[in-house]
Amino acid sequence: MPSIEAVDLSKKYGSFQALSNINLKIEGAKCVGFLGPNGAGKTTTLKIFTDMILASSGRALINGVSVHEEKRKALNHCGALIESPEIYPSFTPREALSMVAEIKGVPSSETKKRIEDTLAEVKMEEWIDKKVGKFSKGMKQRVNIAAALLSEPEIVLLDEPTTGLDPRGMSEVRDIVKSLKKHNRLIFMSSHLLPEVSDVCDEVAMIDHGKLLVYDTIGNVTAKFGGDGGGAQTVEVGFSGPVDDAMISGKIATLAGVVATDRVDPRNVRIKFSGGLAVQERLLIDLASLRIGVVSYRPSTSALEETYLNLIKDTL
Amino acid sequence: MSQENQSAAMENAVGNKLPTSGQQVGTIIKYEMRNYFRSRRFFILLAIDLIIGALLTFVVAYKGIASIATNPITGAIQALPFYSTWWGFSAVILVFFSAVFFGGDAISGEFQNKTGYFLVSNPIRRSSIYVGKWIAALVASLIIIGIFTAITIANASYYFGITGGMPWQFQESFIFTLVYLIAALGFTFFFSSLFKSSAMSILITAILLLFGFMLIDELVTALLNIEPWFSLAYGSGIVSNVLMSTYPAHLSTVPEHFGKRTISITSYAATIPEGLAIMLGYFIVTAILGLVLFERKEFN
Ligand SMILES: Nc1ncnc2c1ncn2[C@@H]1O[C@H](COP(=O)(O)OP(=O)(O)OP(=O)(O)O)[C@@H](O)[C@H]1O
Ligand SMILES: [Mg+2]
Numbered sequence: 036m037p038s039i040e041a042v043d044l045s046k047k048y049g050s051f052q053a054l055s056n057i058n059l060k061i062e063g064a065k066c067v068g069f070l071g072p073n074g075a076g077k078t079t080t081l082k083i084f085t086d087m088i089l090a091s092s093g094r095a096l097i098n099g100v101s102v103h104e105e106k107r108k109a110l111n112h113c114g115a116l117i118e119s120p121e122i123y124p125s126f127t128p129r130e131a132l133s134m135v136a137e138i139k140g141v142p143s144s145e146t147k148k149r150i151e152d153t154l155a156e157v158k159m160e161e162w163i164d165k166k167v168g169k170f171s172k173g174m175k176q177r178v179n180i181a182a183a184l185l186s187e188p189e190i191v192l193l194d195e196p197t198t199g200l201d202p203r204g205m206s207e208v209r210d211i212v213k214s215l216k217k218h219n220r221l222i223f224m225s226s227h228l229l230p231e232v233s234d235v236c237d238e239v240a241m242i243d244h245g246k247l248l249v250y251d252t253i254g255n256v257t258a259k260f261g262g263d264g265g266g267a268q269t270v271e272v273g274f275s276g277p278v279d280d281a282m283i284s285g286k287i288a289t290l291a292g293v294v295a296t297d298r299v300d301p302r303n304v305r306i307k308f309s310g311g312l313a314v315q316e317r318l319l320i321d322l323a324s325l326r327i328g329v330v331s332y333r334p335s336t337s338a339l340e341e342t343y344l345n346l347i348k349d350t351l
Numbered sequence: 486m487s488q489e490n491q492s493a494a495m496e497n498a499v500g501n502k503l504p505t506s507g508q509q510v511g512t513i514i515k516y517e518m519r520n521y522f523r524s525r526r527f528f529i530l531l532a533i534d535l536i537i538g539a540l541l542t543f544v545v546a547y548k549g550i551a552s553i554a555t556n557p558i559t560g561a562i563q564a565l566p567f568y569s570t571w572w573g574f575s576a577v578i579l580v581f582f583s584a585v586f587f588g589g590d591a592i593s594g595e596f597q598n599k600t601g602y603f604l605v606s607n608p609i610r611r612s613s614i615y616v617g618k619w620i621a622a623l624v625a626s627l628i629i630i631g632i633f634t635a636i637t638i639a640n641a642s643y644y645f646g647i648t649g650g651m652p653w654q655f656q657e658s659f660i661f662t663l664v665y666l667i668a669a670l671g672f673t674f675f676f677s678s679l680f681k682s683s684a685m686s687i688l689i690t691a692i693l694l695l696f697g698f699m700l701i702d703e704l705v706t707a708l709l710n711i712e713p714w715f716s717l718a719y720g721s722g723i724v725s726n727v728l729m730s731t732y733p734a735h736l737s738t739v740p741e742h743f744g745k746r747t748i749s750i751t752s753y754a755a756t757i758p759e760g761l762a763i764m765l766g767y768f769i770v771t772a773i774l775g776l777v778l779f780e781r782k783e784f785n
């Protein structure tokens with residue numbers, strides 16, 4: 036079973052403590068989002084896991100092997116993309132990926148097909164034989180993602196993989212990550228995009244000021260630290276026209292299961308309800324039958340956001 | 486775990502086989518060379534190489550072979566003084582250019598351009614990257630020096646015939662040039678792993694190789710009157726010394742007249758074993774230091 040583990044991991048830059056005693060063990064095929072504000076220590080952590088920087092104390096283990104002591108063994112089944120690296124401008128994506136394939140020992144009989152398939156996955160097949168030097172930032176990032184996935188690694192470490200990508204690119208990367216999960220991979224991914232994280236990740240680890248705040252499933256984390264902590268869920272409802280307060284407090288708030296209501300703007304209302312999918316469905320039927328111009332209904336992604344803000348606020 | 490998942494995991498575990506570190510060094514050399522052959526830098530140096538060769542060929546043809554190949558003692562026109570003037574002058578310059586062009590920012594450039602980030606998180610030792618890049622720089626330099634050597638020998642054969650043309654001193658000098666190249670590349674690689682800016686490390690290595698050592702040599706000899714055994718330039722003196730018709734004395738004192746006062750100026754010339762020891766010493770020390778620095782360098 037793939038695993039990554041930080042044991043009492045600390046990092047100092049001069050006198051600045053960037054990471055303090057991180058203990059984190061992630062095991063199994065799943066996607067874990069790594070969240071935290073700017074400067075929290077996410078990149079620092081991921082760099083220690085790829086031997087780009089040295090921990091001041093503690094250990095970083097991949098599949099139980101110390102990254103620093105046995106780098107080749109530890110990173111053998113790992114693919115990583117940290118901080119948008121550059122490729123020699125005179126190289127083409129095909130050449131850059133062949134170099135990675137040779138270093139990682141992808142069988143030479145498979146190399147050509149794998150390079151083409153992986154580049155197709157990131158939608159760069161048209162550019163496979165063009166020089167990287169003239170690529171845009173997002174195109175380079177796509178090639179970098181392909182390089183990380185080329186060896187079909189068991190463990191994938193990604194530092195803000197969708198930075199620089201266009202909206203379509205972001206959604207493609209989300210799909211790639213989802214498909215990786217199906218193939219028994221462990222993905223550890225830092226991100227600032229909470230909707231993205233709640234979409235693709237099963238678990239989250241939150242870090243702030245170099246300290247790990249929490250590591251658990253998204254469900255548990257939002258239940259424990261989100262909003263009132265009562266395990267309630269939120270949906271966002273969009274209306275065709277403005278809804279008035281009387282309507283919200285008089286009709287909507289009294290529907291079955293509703294715990295609280297909150298107007299986001301004149302046409303959008305956030306409704307917190309308790310109960311499972313059955314209640315969620317019932318609520319939609321009730322809202323629609325009110326005939327008050329409901330045009331959209333979706334689970335709020337801001338549950339994670341709320342949790343995030345609560346947790347980060349607490350440490351200030 | 487489903488059947489499909491299990492087979493996907495196995496396929497990966499079985500499919501890839503991590504090469505040995507030696508094979509990975511080979512991969513780095515291969516792709517570094519490919520990068521060199523597409524870089525402007527390589528072709529600029531190649532142009533410098535050909536220009537120096539052409540210029541010398543022209544000057545010798547124009548002024549006549551006697552002008553550079555006359556033995557100062559016997560007055561005979563010989564191959565040895567030809568090589569002494571031709572090679573003694575240009576070999577050191579070419580080593581200087583090769584070492585600075587190919588080694589000056591070999592490591593620092595990987596940081597400044599962030600190209601090092603592409604490789605370092607792979608399952609490869611940092612030392613393999615360093616060694617691979619070093620060997621690639623050596624091969625590129627050998628191509629430059631090889632071409633110049635061919636021009637040199639072609640000229641010598643033209644004037645002295647194919648068979649009788651090559652004195653053993655030139656063969657030695659050629660080998661010493663290669664030793665100097667190895668030492669100079671070790672030196673520039675070390676400085677390039679000391680800095681994170683390309684321009685800075687190129688500038689520092691160029692200044693040190695060009696003026697630094699000579700200045701130190703002169704100062705130390707003149708002021709302290711000791712042998713500059715710690716200087717790479719001093720050690721590399723054997724490249725041209727061996728081509729002289731009589732090898733210079735290890736220690737010579739020449740009286741110099743400054744107005745009414747006479748000062749005796751001491752100068753040293755490295756013996757061959759000494760020169761080799763200095764150059765190899767430089768290579769070993771800078772290679773170790775450079776590797777240690779690169780191992781500890783942080784990619785941030
Ligand atoms: N080379 C360095 N020297 C000194 N301090 C550094 C260095 N690199 C990072 N830091 C500090 O360490 C802290 C953590 O940085 P890190 O890059 O890990 O944050 P992050 O969580 O990735 O932030 P972001 O979300 O902005 O990417 C920051 O306060 C940063 O200033
Ligand atoms: Mg970061």
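The listed protein sequences derive, respectively, from chains A and B. For the first sequence, the working numbering gives the first residue as 36, with consecutive numbering after it. For the second sequence, the working numbering gives the first residue as 486, with consecutive numbering after it. We put the beta carbon where it would ideally sit given N, CA and C, even for glycine.
Which residues in the same chain as B:Thr747 place their Cβ atom closer than 8 Å to its Cβ, once the five residues preceding and following it in sequence are excluded? Walking along the second sequence from the start, residue 747 of chain B turns up at place 262. Cβ neighbours of B:Thr747 beyond the five flanking positions: Pro740, Glu741.
How many Å lie between A:Glu121 and A:Thr252 at the Cα? Taking the first sequence and counting its residues from 1, the one referred to as residue 121 of chain A is at position 86. Taking the first sequence and counting its residues from 1, the one referred to as residue 252 of chain A is at position 217. Looking at the two C-alpha atoms, the distance is approximately 34 Å.
Cβ atoms of A:Thr289 and A:Leu339: under 8 Å apart, would you say? One-based indexing of the first sequence puts residue 339 of chain A at position 304. One-based indexing of the first sequence puts residue 289 of chain A at position 254. No.
Taking the straight line between their C-alpha atoms, what separation do you get for A:Arg305 and A:Val270? For the purposes of this step, residue 305 of chain A is taken as the residue at position 270 of the first sequence. For the purposes of this step, residue 270 of chain A is taken as the residue at position 235 of the first sequence. A:Arg305 and A:Val270: Cα-Cα distance of roughly 6 Å.
Could you tell me whether the region 560-567 of chain B touches the region 599-610 of chain B, where touching means 3 or more Cβ pairs closer than 8 Å? no
Is A:Asp194 near ligand 2, going by C-beta to nearest heavy atom under 7 Å? Working through the first sequence from its first residue, we reach residue 194 of chain A at position 159. True, at least one ligand heavy atom lies under 7 Å from that Cβ.
At which residues does the alpha helix (DSSP H) containing A:Met159 begin and terminate? Counted from its first residue, the first sequence places residue 159 of chain A at position 124. Following the DSSP letters along the chain, one finds A:Met159 in no alpha helix (DSSP H), marked with neither H nor E.
Among B:Ile629, B:Ala762, B:Tyr732, whose alpha-carbon lies nearest the alpha-carbon of B:Ile529? Locating residue 529 of chain B in the second sequence gives position 44, where the first residue counts as 1. Looking only at B:Ile629, B:Ala762, B:Tyr732, the smallest Cα-Cα distance to B:Ile529 is reached by B:Ile629.
Consider the Cβ of A:Gly140: report whether some Cβ of chain B lies at a distance smaller than 8 Å. The residue given as residue 140 of chain A occupies position 105 in the first sequence. Yes, A:Gly140 lies at the interface with chain B (some Cβ there is under 8 Å from its Cβ).
Residues of its chain near B:Ser552, where Cβ-Cβ distance is below 8 Å and the 5 sequence neighbours each way are ignored: Here residue 552 of chain B is taken as the residue at index 67 of the second sequence, counted from 1. For B:Ser552, where only same-chain residues beyond five positions count, the Cβ hits under 8 Å are Val545.
Are the C-beta of A:Leu44 and some C-beta of chain B separated by less than 8 Å? Position 9 of the first sequence holds residue 44 of chain A. Closer than 8 Å: no.
Under the three-state DSSP convention, the category A:Lys82 falls into: Within the first sequence, residue 82 of chain A is the residue found at index 47, counting from 1. Helix, per DSSP.
Determine, using beta carbons only, whether B:Ile757 and B:Val727 come nearer to each other than 8 Å. The sequence position of residue 757 of chain B within the second sequence is 272, counting from 1. The sequence position of residue 727 of chain B within the second sequence is 242, counting from 1. Going by C-beta atoms, B:Ile757 is nearer than 8 Å to B:Val727.
Could you pull the start and end residues of the alpha helix (DSSP H) that B:Glu783 belongs to? As a working mapping, residue 783 of chain B is identified with position 298 in the second sequence. Secondary structure note for B:Glu783: it is in no alpha helix (DSSP H), with a DSSP letter that is neither H nor E.
Given a threshold of 16 other Cβ atoms within 10 Å of its Cβ, counted over all protein chains shown, does A:Arg326 qualify as buried or as exposed? Counted from its first residue, the first sequence places residue 326 of chain A at position 291. With fewer than 16 other Cβ atoms within 10 Å, it is exposed.
Using the beta-carbon of each residue, which ones in chain A are nearer than 7 Å to B:Thr512? Position 27 of the second sequence holds residue 512 of chain B. Within 7 Å Cβ-Cβ: Met134, Glu137, Ile138.
In the DSSP assignment, the alpha helix (DSSP H) including B:Ile529 goes from what residue to what residue? Walking along the second sequence from the start, residue 529 of chain B turns up at place 44. The continuous alpha helix (DSSP H) containing B:Ile529 extends over residues 525-548.
Given the structure, does A:Thr197 come close to ligand 1, in the sense that its CB is under 7 Å from one of the ligand's heavy atoms? If you number the first sequence from 1, residue 197 of chain A lands on position 162. Answer for A:Thr197: no, Cβ out of range of ligand 1.
According to DSSP, A:Thr269 sits in a beta bridge with which residue or residues? Here residue 269 of chain A is taken as the residue at index 234 of the first sequence, counted from 1. BP columns for A:Thr269 point to A:Lys307.
Supposed close pair A:Leu200, A:Gln176 - CB separation, criterion 8 Å: Stepping through the first sequence from its first residue, residue 200 of chain A is reached at position 165. Stepping through the first sequence from its first residue, residue 176 of chain A is reached at position 141. A:Leu200 to A:Gln176, Cβ: 6 Å. Contact.
Give every residue whose Cβ lies closer than 5 Å to any heavy atom of ligand 1, listed in chain order. A:Tyr48, A:Ala53, A:Asn73, A:Gly74, A:Ala75, A:Gly76, A:Lys77, A:Thr78, A:Thr79, B:Asn785
Report yes if the CB atom of A:Ser38 is closer than 8 Å to the CB atom of A:Lys60, and no otherwise. As a position in the first sequence, residue 38 of chain A is number 3, starting the count at 1. As a position in the first sequence, residue 60 of chain A is number 25, starting the count at 1. Between A:Ser38 and A:Lys60, the gap from beta carbon to beta carbon is short of 8 Å.
Does chain B have any CB closer than 8 Å to the CB of A:Pro334? Within the first sequence, residue 334 of chain A is the residue found at index 299, counting from 1. Not an interface residue.
Determine which residues of the region 94-126 of chain A have a Cβ less than 9 Å from any Cβ of chain B, and write them out in chain order. Within the region 94-126 of chain A, those residues whose Cβ lies closer than 9 Å to any Cβ of chain B are, in chain order, Lys106, Arg107, Lys108, Ala109, Leu110, Asn111, His112, Cys113, Gly114, Ala115, Leu116, Ile117, Glu118, Ser119, Pro120, Glu121, Ile122, Tyr123, Pro124, Ser125, Phe126.
Any chance the CB of B:Ala641 is under 7 Å from a heavy atom of ligand 4? In the structure on display, ligand 4 does not appear, and the ligands it does have are ligand 1 and ligand 2.
I'd like to know whether the C-beta of A:Leu70 is nearer than 8 Å to at least one C-beta of chain B. Within the first sequence, numbered from 1, the residue matching residue 70 of chain A stands at position 35. For A:Leu70, the answer is no, since every Cβ of chain B falls outside 8 Å of its Cβ.
Would the beta-carbon of B:Ala576 fall within 8 Å of that of B:Thr662? Here residue 576 of chain B corresponds to residue number 91 of the second sequence, with the count starting at 1. Here residue 662 of chain B corresponds to residue number 177 of the second sequence, with the count starting at 1. Closer than 8 Å, so yes.
Short of 7 Å Cβ to Cβ, which residues in the region 567-601 of chain B face chain A? Asn598, Lys599, Thr600
Quick one: which chain A residues come within Cβ less than 9 Å of B:Ile609? Along the second sequence, one-based indexing puts residue 609 of chain B at 124. Chain A residues near B:Ile609: Lys106, Arg107, Leu110, Ile138, Lys139.
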